[in-house]
Amino acid sequence: MGAGKTTAIRSISDREPVSTEMPISDEVTSEKTHTTVALDYSSVELETGELLHLYGVPGQGYLDFMWPMVAEGALGIVVLVNAQQADRVDSTAHLLQRFGALAPQACFAVGVTRTDLTDGFALATFRDALLERGYRIPVMRMDARQPIQVDFLIKTLLSYQYARSLPPGD
Ligand SMILES: Nc1nc2c(ncn2[C@@H]2O[C@H](COP(=O)(O)OP(=O)(O)OP(=O)(O)O)[C@@H](O)[C@H]2O)c(=O)[nH]1
Ligand SMILES: [Mg+2]
């Protein structure tokens with residue numbers, strides 16, 4: 001929650017996203033005034049002219065009935081995690097495991113947000129903890145407010161569809 005899904009989708013969207021934001025009555029922080037109660041949706045045109053559909057779904061377990069609706073046929077899945085979250089490794093691994101089962105065909109990546117607000121956060125340590133659990137996937141910092149960073153993560157993810165080992169050399 002609050003990892004930046006709505007912000008990221010809005011950052012790179014070609015159109016006004018479909019959003020389901022509701023005011024948070026019991027404000028956790030002053031900057032976060034709304035939360036997504038269902039999902040975010042938008043689209044962005046790729047360089048190839050294809051339309052990429054973007055869906056943002058909450059990661060809380062009690063909303064997991066929505067996950068298959070977006071995971072089925074998905075090209076790629078980004079797990080966004082707020083670096084400030086104390087259980088960031090466990091919660092990311094849990095989501096990767098759940099979505100991996102729902103979308104075995106998809107490519108995966110992890111975007112870590114709010115690292116600028118998280119003292120002592122080390123990306124390498126976080127990535128290694130996921131690696132130890134068997135998740136060998138791109139893991140990068142991403143400020144959801146910065147379109148260029150969101151765009152880069154999405155393009156990295158899409159490029160992984162074509163990733164295979166190199167052909168044997170001579
Ligand atoms: N400082 C900082 N703020 C960030 C960064 N990434 C996102 N934010 C802010 O963090 C907040 C994220 O809020 P949302 O986009 O609503 O997050 P969400 O994942 O959609 O949240 P829920 O729908 O409630 O689960 C926004 O205020 C963003 O501006 C970052 O890298 N650094
Ligand atoms: Mg949201």
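Start counting the sequence shown at 1; every next residue gets the next number (the UniProt record's numbering). We put the CB at the ideal spot given by N, CA and C, even for glycine. These figures come from a predicted structure and were not determined experimentally.
Find out if the Cβ-Cβ distance for the pair residue i, residue j is shorter than 8 angstroms.
i: Ala83; j: Ile77; result: no
i: Gly111; j: Leu63; result: no
i: Thr92; j: Leu117; result: no
i: Thr115; j: Pro138; result: no
i: Ala144; j: Ser11; result: yes
i: Thr36; j: Glu21; result: yes
i: Leu46; j: Leu54; result: no
i: Leu102; j: Pro68; result: yes
i: Tyr135; j: Leu96; result: yes
Can you tell me which of the three DSSP states residue i falls into?
i: Ser13; result: coil
i: Ile77; result: strand
i: Arg141; result: strand
i: Thr115; result: helix
i: Asp151; result: helix
i: Gly56; result: strand
i: Arg133; result: coil
i: Gly2; result: coil
i: Asp87; result: coil
i: Leu161; result: At residue 161 the sequence reads Gln, which differs from the Leu that was named. Gln161: helix per DSSP, three-state reduction.
i: Gly120; result: coil
i: Gly169; result: coil
Since residue i sits in a beta bridge, which residues does DSSP pair it with?
i: His34; result: Pro23
i: Leu102; result: Note: Leu102 sits in no beta bridge, so no partner.
i: Leu46; result: DSSP lists no partner for Leu46.
i: Tyr41; result: Val18 and Tyr55
i: Val110; result: Val79 and Val139
In angstroms, rounded to a whole number, what distance separates the CA positions of residue i and residue j?
i: Ser13; j: Val44; result: 5 angstroms
i: Phe108; j: Val18; result: 24 angstroms
i: Thr33; j: Ser25; result: 8 angstroms
i: Phe152; j: Gly4; result: 16 angstroms
i: Phe121; j: Arg88; result: 11 angstroms
i: Tyr162; j: Leu75; result: 11 angstroms
i: Met1; j: Gln85; result: 9 angstroms
i: Glu50; j: Gly56; result: 19 angstroms
So, is residue i buried or exposed, given that buried needs 16 or more other C-beta atoms within 10 angstroms?
i: Leu39; result: buried
i: Ser159; result: exposed
i: Phe65; result: exposed
i: Leu166; result: exposed
i: Met142; result: buried
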